Amino acid sequence: MRYAFWILLVLVCPACFAQHHTLTLLITDSLSNPVSNATVRINKKESLADSTGKITVRLIRGETELVVSSVNYYPYRVSFDLTADSLLHVMLRSRESLLGNVIVTASRNVNRNQMSIHKIDVGQLQKLPVVLGEVDPLKSITLLPGIKNGGEASAGIYVRGGGPDQNLVLLDGIPVYNPNHLLGFFSIFNGEAIRDIEVLKGGIPAEYGGRLSSVIAVTTRDGNKDSLKGSGGIGIISSRLSLEGPLIKGKSSFIISARRTYIDQVARLVAHDRVGNNGYFFGDINARLDFVINKNNKLDFTFYTGQDDFSFVDDDDNDGRDRRFGATWGNTLTGLTWKQQINKKLKQELSAVYNFFNLDSRIVYGTNGFQFSSGLTDYHVHNDWTYTASNWLKWKWGLHYTWHTFRPGAGSSNSGVQEFKSVIQDQHAHEAAAYVSTDINLLPELNMIAGLRYSYFNQVGPTEQVVYDEAGVPTGEVISYKRGESIARYHYPEPRFSLLYKLKQQASIKLSYTRTAQYLHLATTSAATFPGDLWIPSSKLVEPAIAHQVAAGYFRNIANGQYEVSIEAYYKTMSRQLEFKPGARLLLNQNLEGEMIFGTGKAYGVELFLQKKTGRLTGWIGYTLSRTERTFPDMNEGKPFPYRYDRTHDLSVVGNYYISPKWQFSGVFVYGTGNAVTMPTGRFVYRVGYDGLAEKPVFTSINQYDKVNDYRMPAYHRLDIAFTYTPQPNSTKRFKSNWNFSIYNLYSRFNPYFIYIKVEEDERIIQGKKVFLFPITPSVTWNFKF
Amino acid sequence: MNGRLLIRSILFSAWVIGCLSCERDFNIALKKGPEQLVVEAYINNELPLYNYVILTHGQEYFDTSFTNIPVAGAIVTITEGIMLGDGSYQWDASTRKHLTEAESPQIPGGRIPGLYMDTTVFNNPAQALNGRVGKHYLLEIETKGNRYTATTFLPPPVELDSVTSGHHFMDSIYEKARLTIYFKDPDTIGNTQLYYWRINYHHGNSFGWGAFGNNRYLPGTDDLVNGEYLQLTPNNGFPVGDTVHFHLVSVERKVYNFWDSYNKARDNSGPFATPVKLASTVEGSNVVGCFSGFSLSTKSILVK
Numbered sequence: 013m014r015y016a017f018w019i020l021l022v023l024v025c026p027a028c029f030a031q032h033h034t035l036t037l038l039i040t041d042s043l044s045n046p047v048s049n050a051t052v053r054i055n056k057k058e059s060l061a062d063s064t065g066k067i068t069v070r071l072i073r074g075e076t077e078l079v080v081s082s083v084n085y086y087p088y089r090v091s092f093d094l095t096a097d098s099l100l101h102v103m104l105r106s107r108e109s110l111l112g113n114v115i116v117t118a119s120r121n122v123n124r125n126q127m128s129i130h131k132i133d134v135g136q137l138q139k140l141p142v143v144l145g146e147v148d149p150l151k152s153i154t155l156l157p158g159i160k161n162g163g164e165a166s167a168g169i170y171v172r173g174g175g176p177d178q179n180l181v182l183l184d185g186i187p188v189y190n191p192n193h194l195l196g197f198f199s200i201f202n203g204e205a206i207r208d209i210e211v212l213k214g215g216i217p218a219e220y221g222g223r224l225s226s227v228i229a230v231t232t233r234d235g236n237k238d239s240l241k242g243s244g245g246i247g248i249i250s251s252r253l254s255l256e257g258p259l260i261k262g263k264s265s266f267i268i269s270a271r272r273t274y275i276d277q278v279a280r281l282v283a284h285d286r287v288g289n290n291g292y293f294f295g296d297i298n299a300r301l302d303f304v305i306n307k308n309n310k311l312d313f314t315f316y317t318g319q320d321d322f323s324f325v326d327d328d329d330n331d332g333r334d335r336r337f338g339a340t341w342g343n344t345l346t347g348l349t350w351k352q353q354i355n356k357k358l359k360q361e362l363s364a365v366y367n368f369f370n371l372d373s374r375i376v377y378g379t380n381g382f383q384f385s386s387g388l389t390d391y392h393v394h395n396d397w398t399y400t401a402s403n404w405l406k407w408k409w410g411l412h413y414t415w416h417t418f419r420p421g422a423g424s425s426n427s428g429v430q431e432f433k434s435v436i437q438d439q440h441a442h443e444a445a446a447y448v449s450t451d452i453n454l455l456p457e458l459n460m461i462a463g464l465r466y467s468y469f470n471q472v473g474p475t476e477q478v479v480y481d482e483a484g485v486p487t488g489e490v491i492s493y494k495r496g497e498s499i500a501r502y503h504y505p506e507p508r509f510s511l512l513y514k515l516k517q518q519a520s521i522k523l524s525y526t527r528t529a530q531y532l533h534l535a536t537t538s539a540a541t542f543p544g545d546l547w548i549p550s551s552k553l554v555e556p557a558i559a560h561q562v563a564a565g566y567f568r569n570i571a572n573g574q575y576e577v578s579i580e581a582y583y584k585t586m587s588r589q590l591e592f593k594p595g596a597r598l599l600l601n602q603n604l605e606g607e608m609i610f611g612t613g614k615a616y617g618v619e620l621f622l623q624k625k626t627g628r629l630t631g632w633i634g635y636t637l638s639r640t641e642r643t644f645p646d647m648n649e650g651k652p653f654p655y656r657y658d659r660t661h662d663l664s665v666v667g668n669y670y671i672s673p674k675w676q677f678s679g680v681f682v683y684g685t686g687n688a689v690t691m692p693t694g695r696f697v698y699r700v701g702y703d704g705l706a707e708k709p710v711f712t713s714i715n716q717y718d719k720v721n722d723y724r725m726p727a728y729h730r731l732d733i734a735f736t737y738t739p740q741p742n743s744t745k746r747f748k749s750n751w752n753f754s755i756y757n758l759y760s761r762f763n764p765y766f767i768y769i770k771v772e773e774d775e776r777i778i779q780g781k782k783v784f785l786f787p788i789t790p791s792v793t794w795n796f797k798f
Numbered sequence: 002m003n004g005r006l007l008i009r010s011i012l013f014s015a016w017v018i019g020c021l022s023c024e025r026d027f028n029i030a031l032k033k034g035p036e037q038l039v040v041e042a043y044i045n046n047e048l049p050l051y052n053y054v055i056l057t058h059g060q061e062y063f064d065t066s067f068t069n070i071p072v073a074g075a076i077v078t079i080t081e082g083i084m085l086g087d088g089s090y091q092w093d094a095s096t097r098k099h100l101t102e103a104e105s106p107q108i109p110g111g112r113i114p115g116l117y118m119d120t121t122v123f124n125n126p127a128q129a130l131n132g133r134v135g136k137h138y139l140l141e142i143e144t145k146g147n148r149y150t151a152t153t154f155l156p157p158p159v160e161l162d163s164v165t166s167g168h169h170f171m172d173s174i175y176e177k178a179r180l181t182i183y184f185k186d187p188d189t190i191g192n193t194q195l196y197y198w199r200i201n202y203h204h205g206n207s208f209g210w211g212a213f214g215n216n217r218y219l220p221g222t223d224d225l226v227n228g229e230y231l232q233l234t235p236n237n238g239f240p241v242g243d244t245v246h247f248h249l250v251s252v253e254r255k256v257y258n259f260w261d262s263y264n265k266a267r268d269n270s271g272p273f274a275t276p277v278k279l280a281s282t283v284e285g286s287n288v289v290g291c292f293s294g295f296s297l298s299t300k301s302i303l304v305k
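Below is the structure:
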């Protein structure tokens, strides 16, 4: 019996007697950039490397077969005899140089326990057709299912029914509050500086929080560690230049990218009489430094600053009223991150972030003047830990803290000599969160990630608040809060849960549940997002918004991974959604909260995604069938109404074709149901009188409205194409260049930017009008590297 | 890099930008809303002829007649009263005035369709309906079997101290000047004002509050200037040599809110516009409008 026990033990637990060693892989591309989330197969067992290209596994001593693959790279295969703890540097070779058409999105969809995720790298971005020659990472993600833009040239991004302020936009982990230039025509992300953009629409892990609907993470690339390199491009409205190189050869590098537009100069060239002295430009600088201290410690420094400048002067003083308008606005972001591998199983990241946004504007209109400035400043630290206990168990935990200072608007206006000074006070808040999550293989084919985030928000003094009565009349009472005195405090648990079940034949099923809380709100009344929109904190009256989302999906690779297909369904509810009363005054308004109304939101839908990942022809088809609605007691008689960006059907087709080493082609077709808008249902006259001089009645026509968002704008669709021409693809010279020829909106569909009804009472004409921005729009960009 | 090709590309692109942003006619099939009664009612303390009610109803949006469609045969009364300590009203039935459809040659410009007035004003102005400062007023309307009511209040007027002219400029015809008005805002916060004026030359045969000049960009509340001595210079130009009667009109908050929403609704188009509903003060079904109690303080000036 005693021998039987030992025999049984040997049978069921052979590994108990084997000698183990630790293998650490460091996976990079040929430029030493980490290849994130590469698939690692060791002795036929698959795992994923982390976002820094690292993975540590414990293996049985002996013959080891290793295959490392990632979608944009050729697989790396090697067999070796593992005889001791080892560190292996794996350099993957990019497919780019040969095929140039590989698409990167969610290649690990089947095996990775993260659903509702998409990723696009800069190589793919640079091949897509662009409007006016400007590569825009933020616009490109709206080609993916479940992610919508607000329409032509709209800044807002709407993910699964959420609002434009419900996306956590990160630049190297730094939150970005206003990610747009030119009133939303372009994002602040310079295609030259970034490595990739990743979007999480659901199943958001516990390490992310603060927004209800999505995480949009933009990652800039490391500079070249071996030699000085440069790249750039010259386009219709802007030019850009990047320089990168080693600080300490092989160890540390820098990259600095800058761009500036010359829209004003081009416009003056075209229509000098119309443009006059008016001007607009934006410019920005991205910089990133990385210092490899030693094999276990690394420092990354990210810096961004950008500014938009707009001025308008009307010299026509026929009515004695000068009109002058000027505004400057921009972000400055700085972040320093220390990454440390403490031992084979434990690593941590510590980041300190400074975030600043500011707007200054001034208007002169005859004897009236107006000056306004607003903005916010964040100081943020976070510390994240990962403990890989074994091949089947991983823990993550961390702490996040932010000190917010909001400047809702300080300014003044005048009428003649009379000045009206704003007394709106700055607002301050602590925002913090702690989280823990575990990633565990319950069975070989069943993985679970369960996490809990606990978030905390506290608006504090010093500030003074004017007290208003229910009718919005100031009572004359002012409440003063001392420095650090609590004004409003909230805290919520945010459970996160996701499940992956692998099926046979390269397929899997995933489930997720996410609860998210959002303590900051964007105050805007318009359909577009403006730099003048205000971020405001939760307060006594304005409670945090809470969302629940459940999602389920089926994922499958076909034809040995050549194709990938997925279908996801989601259902999301959102409480305490904020809207402003129609016509609300947001600027210099001490009683901003009196202009707000609150309601709920609901969104549900199905997303289909089919991708071809290899071959001469690559691309994807994304389709979403969805419904998004809002319910506000003070709107639409309390009945649910469609959200403005409710889009029943949304289709994107993206294709790239490798014609020859010199020529590549790409095309994009998009179709979407028109936005839901409120249109008048009648008209009446008011302020009636009789003009004795003109001998006719005088009055003002006022629109009558009924149901909210009861009218659908025309469907949006267009086809874009682009050709990339590389004159000398096989050149061994240091200087290389290519041309990108794009045609945006090939069949010149007049997609409305907005619609309105033009009323000319004297001529008795009432005519619907649609204004569109971009009919067929060719552009050319010359890109170079040296 | 072929420099000539680059320059050509930029010039071509500049032409492209110049062609961007166009407008096209577009058929918008609007739904028809329910028919609304539109109430425009005034009572003030200085101008008895300008205490009246206009009743109209709306029209289909694409109707190009552009006129006020009158509501005839309505029973319209206005009653004076006071507010009691508990917030309820006590209406004085003896002050009730019946307003009838007015079609009198004594109204400058003749007839305004839908106009209801206390016609006593033409024969015995001293006995005609006139607002008194500090009093509340009840408007009652009966038409087509429906009843509508509204109340308003005449707050103490904020007295205009003086009006001066200056800031001269030439427009295409006249030499013009701007006016500066001077007044002290009361010490108590929460006062709201509207601004109206009449120009003798322009206003000779005009009638109605709709024929007054006004400026919607002047600040209407004292939220930021409570208790201060104010000097306001509206942008509007006035011909030199003409006489201007400037009315500083004090109103209660709900009346101010209505006219504030009216100003937002009257000019509301473009990509960033949002539909604005008027902040109606009239109660009843399918009705919009305001009963405006105006407490006037007036100064006249010869523009120099």
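Line by line, the protein sequences give chains E and B. Numbering-wise, the first sequence is residues 13 to 798 according to this note's numbering. Numbering-wise, the second sequence is residues 2 to 305 according to this note's numbering. Built from N, CA and C at the ideal position, the CB exists for glycine as well. As the structure is a prediction and not an experimental result, all values here were calculated from the model.
Please look up how many angstroms separate the CB atoms of residue i and residue j, rounded, as I've assumed it's under 8 Å.
| i | j | result |
| --- | --- | --- |
| B/Val241 | B/Tyr197 | At roughly 21 Å, the Cβ-Cβ gap does not stay under 8 Å, so B/Val241 and B/Tyr197 are not in contact. |
| E/Asp732 | E/Pro141 | 4 Å |
| E/Thr51 | E/Leu60 | 6 Å |
Exposed or buried, which one is residue i when buried takes at least 16 other CB atoms within 10 Å?
| i | result |
| --- | --- |
| B/Ala30 | exposed |
| B/Arg199 | buried |
| E/Pro787 | buried |
| E/Glu204 | buried |
| B/Cys291 | buried |
| E/Ser449 | buried |
| B/Ala280 | buried |
| E/Glu591 | buried |
Using a Cβ-Cβ cutoff of less than 6 Å, which residues in the same chain neighbour residue i once the five nearest sequence positions on both sides are dropped?
| i | result |
| --- | --- |
| E/Tyr583 | Val562 and Tyr616 |
| E/Ala444 | Tyr413 and Tyr468 |
| E/Thr793 | Gly145, Gly245, Gly247 and Asn752 |
| B/Thr78 | Arg97, His99 and Glu141 |
| E/Thr273 | Ile249, Ser250, Phe293 and Phe294 |
Please return the same chain residues whose Cβ sits closer than 8 Å to the Cβ of residue i, not counting the five positions on each side in sequence.
| i | result |
| --- | --- |
| B/Gln60 | Ser66 and Ile70 |
| E/Gln319 | Phe294, Gly295, Asp296, Thr340, Trp341 and Gly342 |
Would you call the CB atoms of residue i and residue j closer than 8 Å?
| i | j | result |
| --- | --- | --- |
| B/Thr101 | B/Tyr138 | no |
| E/Pro549 | E/Phe644 | no |
| E/Ile260 | E/Arg300 | no |
| E/Leu523 | E/Ala581 | no |
| E/Pro187 | E/Asn49 | no |
For residue i, I'd like the list of residues in its chain whose CB is within less than 7 Å of its CB, leaving aside the five on either flank, ordered along the chain.
| i | result |
| --- | --- |
| E/Asp658 | Arg639, Thr640, Glu641 and Ala688 |
| E/Ser265 | Asp234, Gly235, Asn236, Lys237, Glu256, Gly257, Pro258, Leu259 and Asp302 |
Problem set entry | Proximal residues, the segment 58–72 of chain B versus chain E, C-beta separation under 9 Å | His58, Gly59, Gln60, Glu61, Tyr62, Phe63, Asp64, Thr65, Ser66, Phe67, Thr68, Asn69 and Ile70
Problem set entry | Residues within the segment 364–385 of chain E neighbouring chain B, beta-carbon criterion of under 9 Å | Tyr377, Gly378, Thr379 and Asn380
Problem set entry | Contact set between the segment 425–446 of chain E and chain B, restricted to residues whose Cβ is under 8 Å from the partner | Ser425, Ser427, Gly428, Val429, Gln430, Phe432, Lys433, Ser434 and Val435
Problem set entry | Members of the segment 209–223 of chain B that neighbour chain E once the beta carbon cut-off is set at 8 Å | Gly209, Trp210, Gly211, Ala212, Phe213, Tyr218, Leu219 and Pro220
Exercise. When you check each C-beta in the segment 70–97 of chain B against every C-beta of chain E, which residues fall closer than 9 Å?
Worked result: Ile70
Problem set entry | Residues within the segment 35–47 of chain B neighbouring chain E, beta-carbon criterion of under 9 Å | Pro35, Glu36, Gln37, Val39 and Glu41
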